[in-house]
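*Asks:* Pasting a structure below so you can have a look.
Residue numbers (the numbering used here): 49 to 202.
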């Protein structure tokens, strides 16, 4: 939610209207990343023998719920993207909006992978920091930019 507030603040400061589609996507996408981060903390707590996450209201027994929140919120963000791609507004903005469906596929894969990597105990950073170092995540970002460019250029 904090990142979405930052997006709104930036849009207001720059006098740029914030798209409802983008805000809806960002709410669910960033909630998913926050849940992945909590999931990683809980997995670390389990491996350390702690019952509660330090400084948090979560307990290690909350792990399945938190993991489900991560995947559900991430998938809802992709659903918002899919609804946007299929909306009339997209036809005005993009020459080849069908290319944007590739973004949905990449996001589905990436979100699923992030939750899986975290489940395996391999997420030792904030998910954004992890993604910035992870080759597969960087490839996903490149593919997303490629599909977006194809939607604009082709």
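Backbone N, C-alpha and C fix where the C-beta goes; we use that ideal spot for every residue, glycine too.
What residues are listed by DSSP as bridge partners for residue 21?
*Replies:* A question about residue 21 goes unanswered here, because the residues of the chain that appear run from 49 up to 202.
*Asks:* Do you know offhand how far residue 52's Cα is from residue 82's?
*Replies:* Rounded to the nearest angstrom, the two C-alpha atoms are 12 Å apart.
*Asks:* Assuming residue 147 contacts residue 202 under a Cβ cut-off of 8 Å, what Cβ separation, rounded to an integer in Å, is found between them?
*Replies:* The Cβ separation is near 6 Å, so the contact holds.
*Asks:* Would residue 129 be called buried (16 or more neighbouring beta carbons within 10 Å of its own) or exposed?
*Replies:* The residue in question, residue 129, is buried, as its Cβ has 16 or more Cβ neighbours within 10 Å.
*Asks:* Return the chain-ordered list of same chain residues with a C-beta closer than 8 Å to the C-beta of residue 50, the five sequence neighbours on each side being excluded.
*Replies:* If we look at residue 50 and ignore the five residues flanking it on each side, its Cβ neighbours are 78.
*Asks:* Between 60, 85, 190 and 72, which lies nearest to residue 175 when the distance is taken from Cα to Cα?
*Replies:* The residue with the shortest Cα to Cα distance from residue 175 is 85.
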